[in-house]
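Residue numbers (my numbering), protein chains in the order written: chain A, 1336 to 1674; chain B, 642 to 897.
Where is the CB? At the ideal position from N, CA and C, for every residue including glycine.
In what follows, a structure is listed as structure tokens, so that the remarks can point back to it.
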Amino acid sequence: MAQSGSEHVGMPSGTRLRILVRGAGVSGLVTAVTLAERGADVTLAEIGSRVGSGASWMAGGMLAPWCEAESAPPEVTRQSVDSLDWWASHVPGVARNGSLVLAPPRDVGEIARFGRRTSHFQTLDGPGIAALEPDLGDRFGKGLFFPDEGHVDPRDALRALRDRLVDLGARVLFDAPPDGPDGGYDRVVDCTGIAARARLAGLRGVRGEMLLLRCSDVTLHRPVRMLHPRIPVYIVPRADHLFMVGATMVESENAGGMTVRSMVELLTAAYVLHPAFGEAEIVESGAGLRPAYPDNMPAVTVEGRTVYVNGMYRHGFLLSPARARQAADIVFGTGPGAA
Amino acid sequence: MLFYGTELSSRLMLGTAQYPSPEILADAVRAAQAGVVTVSLRRESAGLRAGQAFWSMIRDLGVPVLPNTAGCHTVKDAVTTAHMAREVFETDWIKLEVIGESDTLQPDMFALIEAARILTEDGFKVFPYMTEDLVGAERLLQAGCEVLMPWGAPIGSGKGLNNLFGLRALRAHFPDVPLVVDAGIGLPSHAAQAMELGYDAVLINTAVARAGDPAAMAAAFRLAVEAGRIARQADPMEERDMAVPSTPVLGRAVLA
């Protein structure tokens, strides 16, 4: 468990571990905060000019340990159930309204399949769905509700972690040189995602594409997953009538702009969820590369003085707290792999 | 049975899309003892060689690769994709898909025949994904195809063999052409049925990839394909409309 940092932060600097964390995506920020809370003297170096210049910026921000079990191994659920508490205690704006799984009438069989592979849900009928999300009214006849799940605006969350890090006395450097800064650190924790591909065997990029829509005619209180045999899509509500629609999964390392096909697929799903999305403004379209290992599970590995935290795949927000603890245990010499 | 002069190590062909992870895909390919793996090039190739990481994993499986033109809707699209596939996978095999209708993903037989002719002239060995249409099959053979791959049902639908009569007719008309049921198989029993009809192989993707335990399902398909094949060779009995007791009725004490 992450310890409260107060008794450590006050330690004389001579005895504190000096740690360089590379990468200010979700993994780097959560790891840096965890290390700082445990008393390390942390420098966070990011080669980009802001937090989240990689995959994290495109994330949905769903904190959905149980839904993820549909396609992820059981470890993902096990290692992420306390993730919601971590986020709620570290950043403002964590919504804990659960999540909703729906399917268009023709694909309602997908709901049974989803239900067989997941747990911690209630089965809803049409009125049950309407009670939770009045704007969806009687558009759907069957759904699953996962009451213990939550969501967060990933961009706000990353900025809040940066501020917290500064409050903890850590240095946060942007536009940092790729190999620097040099400063005789006790350990380096590399959280650079797909940028570490050349240094980490087996790491690959899995392309994802997302949209941000603004639509003042629809209100949702929780993420909605629209099941479809070919194009499963989720829609996450954010502040100011914004909706994040994501995300494609393509085995490609092309980080170029969104394709027409993907945009049509994501927009169709939004339109099926509610026709009012037909009038929505397309605020942003984006594409990024999720770093993934062959088993699509994140890993913490050690090479010399460097600890690598990578392979977050589609679980960056969900699994970063657990992986950060693991990395911190290694850094502080209390976990497997400690020097 | 030879597919363009090549004897496959198994009559189960496995698609590589939609698995929870590449590691689980590799487990499934091993459990299936697949004779061929198919790989889609279209979406993965959004950028030049951008799918390299995934492609090298596929090549490392050590199973012959049959690239496909999944998602292509025109002759030109399919021909371009086939050329790209030949370059990336260094094979002249191509599973030719030209989709005519985006809801059922039904093959466009007219475009398929045209693309098959162009590719065959270009030295490709074409495995055409087709409906079970007899006349279309004849035209594909005339275009140079030496293998036919009729659908059992729409891709990913898991509905099994929808038109048994049509599939039987194809087998009867083309006794010497390698025939593969491609698409629509949802259960090992469907695969066994295809083999019992005398098909030479089956191609499975979704039924394995989307199973709760893909490797276990792959093993089940391996056994089913083998069972169906052995059954076919064993010359199954004919169906009858009347009961035929396996022991004589006359002379049984209870009837005395």
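Spell out whether any CB of chain B is found under 7 Å from the CB atom of Arg1539(A). Numbered from 1 along the first sequence, position 204 holds the residue referred to as residue 1539(A). Yes - at least one Cβ of chain B is within 7 Å of the one on Arg1539(A).
According to DSSP, is Ala722(B) helix, strand or coil? Counting from one through the second sequence, the residue named residue 722(B) turns up at place 81. As written in the sequence, residue 722(B) is Thr, which differs from the Ala given in the question. Looking at Thr722(B) - three-state DSSP - the assignment turns out to be helix.
With a cut-off of 8 Å on the beta carbons, I'd call Arg671(B) and Val866(B) a contact; round off their distance for me. On the second sequence, residue 671(B) is found 30 positions in, with the first residue counted as 1. On the second sequence, residue 866(B) is found 225 positions in, with the first residue counted as 1. That pair is no contact at about 15 Å.
Given a cut-off of 7 Å on the beta-carbon distance, is the pair Asp861(B) and Pro829(B) in contact? Position 220 of the second sequence, counting from 1, holds the residue named residue 861(B). Position 188 of the second sequence, counting from 1, holds the residue named residue 829(B). Going by the sequence as given, residue 861(B) is Ala instead of Asp. Taking the C-beta atoms as reference points, Pro829(B) is found nearer than 7 Å to Ala861(B).
In whole angstroms, what separates the C-alpha of Ala833(B) from that of Ala868(B)? Here the question's residue 833(B) lines up with position 192 in the second sequence. Here the question's residue 868(B) lines up with position 227 in the second sequence. About 6 Å.
Coarse secondary structure for Tyr790(B), derived from DSSP in three states: As a working mapping, residue 790(B) is identified with position 149 in the second sequence. For the sequence presented, residue 790(B) should be read as Met rather than Tyr. Of the three classes helix, strand and coil, the one that applies to Met790(B) here is strand, per DSSP.
Return helix, strand or coil for Pro748(B), following the three-state DSSP convention. Against the second sequence, residue 748(B) aligns to sequence position 107. Assignment of Pro748(B) by DSSP, reduced to helix, strand and coil, places it in the strand class.
Express the C-alpha separation of Ser1434(A) and Arg1660(A) in angstroms, rounding to a whole number. Locating residue 1660(A) in the first sequence gives position 325, counting from the first residue. Locating residue 1434(A) in the first sequence gives position 99, counting from the first residue. Taking the straight line joining both Cα atoms gives about 26 Å.
Kindly indicate which residue of Glu648(B), Asp701(B), Leu682(B) and Gly646(B) has the alpha-carbon position closest to the one of Pro663(B). The sequence position of residue 663(B) within the second sequence is 22, counting from 1. Selected option, being the one with the closest Cα: Asp701(B).
Tell me, please, whether the CB atom of Ser827(B) is closer than 7 Å to any CB atom in chain A? Numbered from 1 along the second sequence, position 186 holds the residue referred to as residue 827(B). It should be pointed out that residue 827(B) corresponds to Gly in this sequence rather than to Ser. Judged by the 7 Å Cβ criterion, Gly827(B) is not in contact with chain A.
Kindly confirm or deny that the segment 834 to 851 of chain B and the segment 796 to 803 of chain B touch, where touching means at least three C-beta pairs closer than 8 Å. Flag = yes, the segment 834 to 851 of chain B and the segment 796 to 803 of chain B touch.
Proximity to Asp1510(A) [Cα-Cα], best of Asn1645(A), Leu1654(A) and Ala1380(A): Within the first sequence, the letter at position 175 stands for residue 1510(A). The shortest Cα separation from Asp1510(A) among Asn1645(A), Leu1654(A) and Ala1380(A) belongs to Ala1380(A).
Going straight from the alpha carbon of Met836(B) to that of Ile871(B), what length do you get? Walking along the second sequence from the start, residue 836(B) turns up at place 195. Walking along the second sequence from the start, residue 871(B) turns up at place 230. The straight-line gap separating the alpha-carbon atoms of Met836(B) and Ile871(B) is approximately 9 Å.
So, do the segment 1384 to 1394 of chain A and the segment 1418 to 1425 of chain A have three or more beta carbon pairs nearer to each other than 8 Å? Cβ pair count under 8 Å is below three, so no.
Helix, strand or coil: how does DSSP classify Leu707(B) here? For this step, residue 707(B) is matched to residue 66 along the second sequence. Residue state, collapsed to three classes: strand.
What is the DSSP secondary structure of Ile735(B), reduced to helix, strand or coil? Here residue 735(B) is taken as the residue at index 94 of the second sequence, counted from 1. Three-state result, Ile735(B): strand.
Ala1511(A): beta carbon under 6 Å from a heavy atom of the ligand NAP? Annotation note on the ligand NAP: not contained in the displayed structure, which lists no ligands.
Can you give me, in chain order, the residues of the segment 653 to 667 of chain B that have a beta carbon less than 8 Å from any beta carbon in chain A? Those residues of the segment 653 to 667 of chain B that come within reach of chain A (Cβ to Cβ, closer than 8 Å) are Pro661, Ser662, Pro663, Glu664, Ile665 and Ala667.
Is Phe730(B) close to chain A? Criterion is C-beta to C-beta, closer than 7 Å. Here residue 730(B) corresponds to residue number 89 of the second sequence, with the count starting at 1. With respect to chain A, the C-beta atom of Phe730(B) has no partner C-beta closer than 7 Å.
Per-residue burial, Thr1350(A) [other beta carbons within 10 Å of its own, 16 or more giving buried]: Taking the first residue of the first sequence as position 1, residue 1350(A) is located at position 15. By the neighbour-count rule (16 or more Cβ atoms within 10 Å), Thr1350(A) is not buried but exposed.
Beta-carbon of Ala694(B) versus every beta-carbon of chain A: anything under 7 Å? Residue mapping note: residue 694(B) aligns to position 53 of the second sequence, counting from 1. Residue-level contact by beta carbon holds for Ala694(B) and chain A, with a gap shorter than 7 Å.
For chain A, find out if any of its Cβ atoms is closer than 7 Å to the Cβ of Gly793(B); answer yes or no. The count along the second sequence starts at 1 and reaches residue 793(B) at position 152. Cβ-Cβ to chain A under 7 Å: no for Gly793(B).
Using beta carbons (cut-off 7 Å, strictly below), is Gly777(B) in contact with chain A? On the second sequence, position 136 is the one that residue 777(B) refers to. It does not: the Cβ of Gly777(B) has no partner Cβ on chain A nearer than 7 Å.
Measuring straight from C-alpha to C-alpha, what distance separates Tyr1569(A) and Leu1352(A)? Position 234 of the first sequence, counted from the first residue, corresponds to residue 1569(A). Position 17 of the first sequence, counted from the first residue, corresponds to residue 1352(A). C-alpha separation (whole angstroms): 42 Å.
So is His831(B) buried or exposed if we call it buried at 16+ other beta carbons inside 10 Å? By one-based count along the second sequence, residue 831(B) stands at place 190. By the neighbour-count rule (16 or more Cβ atoms within 10 Å), His831(B) is buried.
Inter-residue spacing [alpha-carbon to alpha-carbon] between Met725(B) and Asp733(B): Locating residue 725(B) in the second sequence gives position 84, where the first residue counts as 1. Locating residue 733(B) in the second sequence gives position 92, where the first residue counts as 1. Answer to the nearest angstrom: the Cα atoms are 11 Å apart.
Find the nearest neighbour of Gly1294(A) within the set Ala1466(A), Ala1359(A) and Asp1460(A), judged by alpha-carbon distance. The question about residue 1294(A) has no answer, for chain A in this structure spans 1336 to 1674.
Would Gly797(B) count as contacting chain A if we go by Cβ distances under 7 Å? Working through the second sequence from its first residue, we reach residue 797(B) at position 156. Taking a beta-carbon distance threshold of 7 Å, Gly797(B) counts as an interface residue toward chain A.
Can you give me the start and stop residues for the alpha helix (DSSP H) that Ala1605(A) sits inside? Within the first sequence, numbered from 1, the residue matching residue 1605(A) stands at position 270. Looking at the DSSP string, the run of the alpha helix (DSSP H) that includes Ala1605(A) is Val1595 to Leu1608.
Measure the CB-CB distance between Tyr840(B) and Lys766(B) and report whether it falls below 7 Å. Along the second sequence, one-based indexing puts residue 840(B) at 199. Along the second sequence, one-based indexing puts residue 766(B) at 125. In terms of Cβ geometry, Tyr840(B) and Lys766(B) do not form a close pair [threshold 7 Å].
Selected residue, minimal CA-CA separation from Ala945(B), among Arg873(B), Ile845(B), Pro886(B) and Glu787(B): Chain B is shown only over 642 to 897; residue 945(B) falls outside these bounds and no answer can be derived.
Spell out whether any CB of chain B is found under 7 Å from the CB atom of Glu1586(A). Your numbering for residue 1586(A) matches position 251 in the first sequence. Interface flag for Glu1586(A) against chain B is set, since a Cβ pair is found closer than 7 Å.
Specify, as a first and last residue, the run of the alpha helix (DSSP H) that Glu1445(A) falls within. In the first sequence, counting from the first residue as 1, residue 1445(A) sits at position 110. Here the alpha helix (DSSP H) through Glu1445(A) covers Gly1444 to Arg1452.
Selection from Val1571(A), Gly1444(A) and Ala1492(A) that minimises the alpha carbon distance to Pro1427(A): Counted from its first residue, the first sequence places residue 1427(A) at position 92. Nearest of Val1571(A), Gly1444(A) and Ala1492(A) to Pro1427(A), Cα basis: Ala1492(A).
Just tell me which of Ala1657(A), Ala1663(A) and Thr1669(A) has its CA closest to the CA of Val1416(A). As a working mapping, residue 1416(A) is identified with position 81 in the first sequence. Comparing Cα-Cα distances from Val1416(A) to each of Ala1657(A), Ala1663(A) and Thr1669(A), the minimum goes to Ala1657(A).
Interfacial residues, the segment 852 to 886 of chain B to chain A, with Cβ spacing under 7 Å: Residues Gly853.
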